[in-house]
Amino acid sequence: MRLGFPRPSLSTFSPILFHANPGRPNTCSSKCLIQSKPQTPLFLRPPTHSVTLSDLLKWQNWAKTLASSVGSNFIDADNGPDTILLHRELNWLIEDALENPKPLLTQLGTDCNDEGMVMNLRAELGDLYELWKRRIEGRRPFQYVVGCEHWRDLVLSVEEGVLIPRPETELIVDLVTDLVKGDHGELREGLWADLGTGSGALAIGIGRVLGTCGESLQPI
Numbered sequence: 065m066r067l068g069f070p071r072p073s074l075s076t077f078s079p080i081l082f083h084a085n086p087g088r089p090n091t092c093s094s095k096c097l098i099q100s101k102p103q104t105p106l107f108l109r110p111p112t113h114s115v116t117l118s119d120l121l122k123w124q125n126w127a128k129t130l131a132s133s134v135g136s137n138f139i140d141a142d143n144g145p146d147t148i149l150l151h152r153e154l155n156w157l158i159e160d161a162l163e164n165p166k167p168l169l170t171q172l173g174t175d176c177n178d179e180g181m182v183m184n185l186r187a188e189l190g191d192l193y194e195l196w197k198r199r200i201e202g203r204r205p206f207q208y209v210v211g212c213e214h215w216r217d218l219v220l221s222v223e224e225g226v227l228i229p230r231p232e233t234e235l236i237v238d239l240v241t242d243l244v245k246g247d248h249g250e251l252r253e254g255l256w257a258d259l260g261t262g263s264g265a266l267a268i269g270i271g272r273v274l275g276t277c278g279e280s281l282q283p284i
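In this note's numbering, the protein residues as written are 65 to 284.
And the structure:
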């Protein structure tokens with residue numbers, strides 16, 4: 065099932081970031097290298113790289129053309145992303161990669177007289193080419209491209225080896241909230257366990273509902 069839920073803008077709220085420790089790979093080949101330390105999501109990396117607006121426009125036009133070439137092929141094949149969703153993801157990638165994306169997003173795709181403007185990036189421009197190529201040609205999940213998933217009011221660090229939390233999983237947190245705040249408040253003090261934790265979405269979401277009395281038993 066392809067999910068097209070809007071991604072919260074980083075400029076409208078201050079997300080809470082949690083890192084997930086990668087476990088057994090389930091979406092990549094055995095050749096994937098699992099790092100002991102989770103990667104930093106793209107939007108949190110320091111903007112230590114620079115590029116001219118002209119070169120960034122060339123990349124954006126290339127990336128948009130590559131996304132447009134998909135059409136409905138992916139959705140017809142396996143209900144994957146279509147061109148419209150990929151264009152939306154491209155804008156999200158720009159927002160994450162640029163230190164100050166808002167002014168640029170208004171200029172991308174338009175005639176601009178200031179193409180010599182220098183923009184600060186959180187990744188090398190060559191890396192952005194590779195990331196987007198892997199997204200389209202390698203069908204790498206977008207969450208792995210940017211290194212995070214927006215889930216409820218959290219931003220969870222995810223990478224190969226960690227399942228991407230699905231939006232409908234939020235309903236479980238809502239059910240627990242209704243349960244402990246209703247006629248079964250005593251369950252708040254009971255024993256709760258999240259077995260096989262991946263991104264930590266459920267453990268973190270439910271833990272925030274129950275309070276601060278929980279603890280991690282990793283690596284048990």
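All C-beta atoms, glycine included, are put in the ideal place defined by N, C-alpha and C.
Quick caveat: nothing in here was measured; it's all calculated off a predicted structure.
Using the rule of at least 16 other Cβ atoms within 10 Å of the residue's Cβ for burial, across every protein chain shown, is residue i buried or exposed?
i	result
residue 249	exposed
residue 213	buried
residue 231	exposed
residue 160	buried
residue 268	buried
residue 203	exposed
residue 257	exposed
residue 115	buried
residue 255	exposed
residue 199	buried
residue 217	exposed
residue 75	Because residue 75 carries a pLDDT of 36, less than 50, the predicted location of this residue cannot be relied on, and no value is offered for it.
residue 97	In this prediction, residue 97 has a pLDDT of 41, which is less than 50 and means its spatial position is unreliable; what the coordinates show is noted afterwards. By the neighbour-count rule (16 or more Cβ atoms within 10 Å), residue 97 is not buried but exposed.
Taking only the alpha-carbon atoms, compute the straight-line gap between residue i and residue j and give it to the nearest angstrom.
i	j	result
residue 180	residue 165	16 angstroms
residue 6	residue 134	Residue coverage of the chain in this structure runs from 65 to 284, which leaves residue 6 outside it and unanswerable.
residue 117	residue 148	24 angstroms
residue 105	residue 201	22 angstroms
residue 125	residue 215	30 angstroms
residue 196	residue 130	9 angstroms
residue 243	residue 194	46 angstroms
residue 238	residue 266	11 angstroms
residue 143	residue 207	17 angstroms
residue 191	residue 247	53 angstroms
residue 119	residue 261	42 angstroms
residue 138	residue 157	20 angstroms
residue 43	residue 178	The displayed coordinates of the chain run from 65 to 284. Any statement about residue 43 would go beyond what the structure contains.
residue 245	residue 107	35 angstroms
residue 259	residue 205	24 angstroms
residue 229	residue 152	20 angstroms
residue 113	residue 182	10 angstroms
residue 150	residue 121	17 angstroms
For a quick check, are the C-beta atoms of residue i and residue j less than 8 angstroms apart?
i	j	result
residue 111	residue 186	yes
residue 209	residue 241	no
residue 263	residue 227	yes
residue 128	residue 154	yes
residue 275	residue 252	yes
residue 132	residue 146	no
What is the C-beta distance between residue i and residue j, in whole angstroms, given that I count them as a contact (C-beta under 8 angstroms)?
i	j	result
residue 123	residue 220	About 27 angstroms; that fails the 8 angstroms criterion.
residue 224	residue 211	In fact, because the Cβ distance is near 10 angstroms, the residues do not count as touching under 8 angstroms.
Chain C beta carbons: is any one of them nearer than 8 angstroms to that of residue i?
i	result
residue 274	Given the protein chain composition of this structure (a single chain), no chain C is represented.
List the residues that DSSP assigns as beta-bridge partners of residue i.
i	result
residue 116	182
residue 274	Answer is none; residue 274 lacks a bridge partner.
residue 162	185
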